[in-house]
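Accompanying notes for the structure given below.
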Amino acid sequence: MAQPQRQPEREAESWPFDVSHDPVLKIGEVREVLRSEFPMLNHSKIRYYESIDLVVPHRTSSNQRLFSYADVERLRFILTEQRDRYLPLTQIGELLRQLDSGEAGAEHPGRMRAVSTDDLPRPKPGTRLTKREVSDLTGANLEDIEEFARLGIVEVDPRGRLTSHSVDIIRYALMLTDAGLDVRQVRAVKNSAGSHAATIRSALAPQLAKQSPVARERAYAQGSEMSAILVKLYQALLVENVEVELDT
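Under full-length UniProt numbering, think of the first position of the sequence shown as 1, with each following residue one higher.
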């Protein structure tokens with residue numbers, strides 16, 4: 001087997017420092033290690049993270065990628081920040097730079113990951129759930145879930161199962177209806193989200209047209225970043241408009 005060409009100068013100083021940097025894992029083995037936490041992870045996504053220098057695997061003399069367990073932890077950090085905190089890759093790259101340089105403080109997510117929803121039970125991304133399972137995870141009764149499904153607020157497949165996203169959708173929908181909103185007003189929020197998703201897809205059409213795995217992963221990453229920015233913009237606009245409405 002070809003011997004790995006080590007790049008110790010960069011890797012030895014990269015976070016995490018207390019995990020082995022020996023290049024021992026092929027890309028498929030990395031995917032297997034992370035599969036239970038991130039079922040949607042694939043080879044092209046890992047290669048995309050490499051292309052933007054978030055992770056730098058070793059190369060053998062035959063140019064084969066070999067990853068270390070430290071690389072696996074970097075990937076776990078990247079994927080978790082994207083999934084749980086909706087951070088754009090540029091910001092995740094800056095967080096990794098701070099960890100690499102030792103600038104990260106005690107509040108840095110790489111040292112202390114704490115968000116208000118962490119204690120809530122969550123299904124694994126990509127899983128399909130029965131209505132009973134969604135009820136158990138959210139506390140919603142089956143009648144509420146049926147109503148949300150009938151109005152298209154959550155999507156149900158031909159086998160009557162819902163996506164893992166439906167758990168958060170139903171939790172927040174229930175909060176709004178408990179606060180006094182009509183369920184049809186909640187549906188308007190869903191319709192707005194669908195419209196904005198179509199707008200983002202239209203903006204990413206040139207990337208999707210390339211039809212290569214790396215281009216598709218780049219489109220997914222950019223779509224995630226645009227979604228996060230849109231959420232922040234909408235939050236700022238909504239807060240401003242609510243203040244205006246309450247002051248009139």
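Cβ atoms here follow ideal geometry from the backbone N, Cα and C, with glycine treated the same way.
Where residue i sits in the DSSP three-state scheme
i	result
F38	coil
L181	coil
H43	helix
H21	coil
L87	coil
V154	coil
L174	helix
L208	helix
L66	strand
A219	helix
residue 308	Here the chain covers residues 1 to 248 and nothing more, so residue 308 does not appear.
Cβ-based neighbour list, residue i, same chain, cut-off 7 angstroms, excluding 5 preceding and 5 following
i	result
S20	S68, Y69, A70
E217	S44, K45, Y48
N141	S135
DSSP bridge partner residues for residue i (one or two, in chain order)
i	result
T163	R128
R97	The partner list for R97 (beta bridge, DSSP) is empty, contrary to what the question assumes.
Same chain only: Cβ atoms within 6 angstroms of residue i, ignoring 5 sequence neighbours per side
i	result
V154	F148, L162, S166, I169
R187	L151, I153
V146	According to the sequence as given, residue 146 is Glu; it is not Val. Excluding sequence neighbours, E146 sits near nothing in its chain.
R65	I27, P57
I92	I78, E81
Cut-off 8 angstroms between Cβ atoms - residues of its own chain near residue i, not counting five sequence neighbours on either side
i	result
V30	I46, F67, D71, V72, L75
Q5	Because the pLDDT at Q5 is just 45, under 50, the model does not fix this residue reliably, and the value given afterwards should be weighed accordingly. H58, R59, T60, S61, listed in sequence order.
Reference residue i; option with closest CA among the options
i	options	result
L99	W15, P88, A140	W15
R201	S227, D178, V214	S227
A203	S135, E225, A179	E225
N42	Y220, L230, L237	Y220
T60	S192, I52, L208, P23	P23
residue 301	L246, R85, L174	Residue 301 lies beyond the residue range present for the chain, which begins at 1 and ends at 248; the question has no answer from this structure.
V214	V33, F17, E50	E50
residue 256	P206, V183, S195, L34	Residue 256 lies beyond the residue range present for the chain, which begins at 1 and ends at 248; the question has no answer from this structure.
Presumed contact (8 angstroms Cβ cut-off) between residue i and residue j, rounded CB distance
i	j	result
G152	K190	7 angstroms
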